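Peer 1: Heads up: take any position in the sequence shown, counting from 1, add 494, and you land on full-length UniProt numbering.
Okay, handing you the structure first.
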Amino acid sequence: AKTEGRAKACGYLPSMHTAAVWRLNLEQDLRLALEGDQLQLHFQPQVDGDGRIVGGEGLLRWLHPKRGMVQPVEFIPVAEESGLILDIGQRVLDQACEALMRLDARQLPRLSINISPRQFGQPEFVASIGRGIERSGIDPSRLQLEITEGVMIDNLIETIETMRDLKRIGVGLAIDDFGVGYSSLSYLKRLPLDELKIDRSFIQELDNSNDEAIVQTIITIARNLHLTVVAEGVESAAQRDFLLSNGCHIFQGFWFFRPLPFDALVAAINDCQST
Ligand code: C2E
Ligand code: CA
Ligand code: CA
Ligand code: CA
């Protein structure tokens, strides 16, 4: 009964149709969503060891008029396969720059956005980031791009060149979901990175202490490479304490904040600054 409720609520469970029809419907709806106003960037605050908000991550939300909230895990893969991710990525960039415009550096020092491998590989990618920043007039160092290890496998040399071009514009660069996928420690030192984000799966496993050694090792390596270390998916005080005592700089997770619509982000910031 529970799965039925969910199926009604989101309407996208593959069991309802064949997978192909499901995908096609979602793709068509996604096109409409782009034309309308259904795709909204939400913001998950990130805090330092003292609990101060030092930044945030923009996370896309799709509020479908009939189907309700559709999760990124459902629509991002479809967006990537169909190429719609390019227009969506532009929308994300614009909304991120606008949020940074509306908040000063004291309120929100930095905002990170997710860049899909497909976007990153576009010849026009660096220029479009540059234009977005110029249009909004924000300090480029307040914007950070999160890329996954997936962009490295195709062409490391080209990846490094693109990243250098982005550093010339002045944006920050983070390696996202670190530790899953094609991790190779050897490329870490070759990339002009500012930040490393430890994947949520390792943080969750901390509770049964399987991954303590892995997390400690990742933090040590990242710190030795002078990268800011961010842990995502922090859900408990115990996880936060372990991470803090092992040198992690920044924390992101439900223990602190969920992803918030812009107005709620502003309220959270004001709340923190008045206490
Ligand atoms: P991600 O980049 O690894 O983002 C972190 C995900 O972890 C987000 O899921 C966030 O809501 C979730 N999260 C944060 N703290 C916690 C926690 O304490 N516990 C748990 N269980 N989860 C937590 P979300 O928003 O569903 O996004 C999923 C993925 O979709 C993202 O993973 C990212 O890969 C992709 N995505 C989201 N927004 C965008 C976007 O604007 N562009 C692109 N290309 N991808 C996006
Ligand atoms: Ca991310
Ligand atoms: Ca992740
Ligand atoms: Ca990711």
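Built from N, CA and C at the ideal position, the CB exists for glycine as well.
A quick note: this is a predicted structure, and the numbers were derived from the prediction, not measured.
Where Gly-671 and Gly-747 are concerned, what is the direct C-alpha to C-alpha distance, given to the nearest angstrom?
Peer 2: Looking at the sequence provided, one finds Asp at residue 671 rather than Gly. Asp-671 and Gly-747: Cα-Cα distance of roughly 14 Å.
Peer 1: Quick one: is Gly-714 buried, meaning 16 or more other Cβ sit within 10 Å of its Cβ, or exposed?
Peer 2: At residue 714 the sequence reads Thr, which differs from the Gly that was named. Classification for Thr-714: exposed.
Peer 1: For Ala-573, count the other beta carbons within 10 Å of its own beta carbon; 16 or more makes it buried, fewer makes it exposed. Which is it?
Peer 2: When all chains shown are included, Ala-573 counts as buried.
Peer 1: Helix, strand or coil for Phe-736 per DSSP?
Peer 2: Residue state, collapsed to three classes: helix.
Peer 1: Might you give, ordered along the chain, the residues of its own chain that have their beta carbon closer than 6 Å to the beta carbon of Pro-566, omitting 5 neighbours on each side?
Peer 2: Here the set comprises Leu-554.
Peer 1: Since Gln-534 and Pro-755 should fall inside the 8 Å C-beta cutoff, what is the C-beta to C-beta distance between them, to a whole number of angstroms?
Peer 2: Between Pro-755 and Gln-534 the Cβ distance is about 7 Å, and since that is below 8 Å, they are a contact.
Peer 1: Give, in chain order, every unbroken run of the alpha helix (DSSP H) that is at least 4 residues long and sits entirely within the region 652 to 689.
Peer 2: Counting whole runs of 4 or more residues, the region 652 to 689 contains the alpha helix (DSSP H) stretches 679 to 682.
Peer 1: Starting from the C-beta of Gly-666, find all residues in its chain whose C-beta is less than 6 Å away, skip the five residues before and the five after it, and write them out in chain order.
Peer 2: These residues qualify, in order along the chain: Gln-638 and Asp-688.
Peer 1: Where does Asn-519 fall in DSSP's three states?
Peer 2: It is helical.
Peer 1: So, do the region 621 to 628 and the region 644 to 653 have three or more beta carbon pairs nearer to each other than 8 Å?
Peer 2: Too few Cβ pairs lie closer than 8 Å, so no.
Peer 1: Would you say Asn-608 touches ligand 2, meaning its beta carbon is less than 6 Å from a heavy atom?
Peer 2: Yes - ligand 2 has a heavy atom lying nearer than 6 Å to the Cβ of Asn-608.
Peer 1: Work out the CA separation of Gly-552 and Ser-606 for me, nearest whole Å.
Peer 2: Computed Cα separation, rounded: 6 Å.
Peer 1: Excluding sequence positions up to five away, which residues of its chain have a Cβ less than 6 Å from the Cβ of Lys-502?
Peer 2: For Lys-502, the pLDDT reaches just 49, beneath the cut-off of 50, and the residue's location in the model is therefore unreliable, leaving the point undetermined.
Peer 1: Taking 6 Å as the limit between beta carbons, can you name the residues of its chain near Arg-612, skipping five residues before and five after?
Peer 2: Excluding residues within five positions, the ones whose Cβ falls inside 6 Å are Glu-574 and Ile-579.
Peer 1: Within a Cβ cutoff of 8 Å, which residues of the same chain sit near Ser-730, ignoring the five residues on either side of it in sequence?
Peer 2: Within the same chain, Ser-730 has close Cβ partners Asp-701 and Trp-749.
Peer 1: With respect to 6 Å, is the separation between the Cβ of Glu-729 and the closest non-hydrogen atom of ligand 1 below this value?
Peer 2: Yes, Cβ of Glu-729 sits closer than 6 Å to a heavy atom of ligand 1.
Peer 1: Which residues does DSSP pair with Gln-540 in a beta bridge?
Peer 2: According to DSSP, which records beta bridges pairwise, Gln-540 is partnered with Gly-549.
Peer 1: Taking the beta strand (DSSP E) that Ser-606 belongs to, which residues open and close that run?
Peer 2: It spans 605 to 608 - the beta strand (DSSP E) in which Ser-606 sits, taken as one unbroken run.
Peer 1: Cβ of Gln-565 within 6 Å of any heavy atom in ligand 1?
Peer 2: Checking every heavy atom of ligand 1 against the Cβ of Gln-565, one is found closer than 6 Å.
Peer 1: Is Glu-689 near ligand 2, judged by its Cβ being under 6 Å from some heavy atom?
Peer 2: Not so, every heavy atom of ligand 2 lies at least 6 Å from the Cβ.
Peer 1: Please report the straight-line C-alpha distance between Arg-662 and Leu-685, rounded to a whole angstrom.
Peer 2: Their backbone Cα atoms lie some 14 Å apart in a straight line.
Peer 1: In whole angstroms, give me the CA-to-CA distance for His-743 and Ala-716.
Peer 2: C-alpha separation (whole angstroms): 11 Å.
Peer 1: Does the beta-carbon of Arg-694, which I'm using as the reference point, lie nearer than 6 Å to any heavy atom of ligand 3?
Peer 2: Within the cutoff, so yes.
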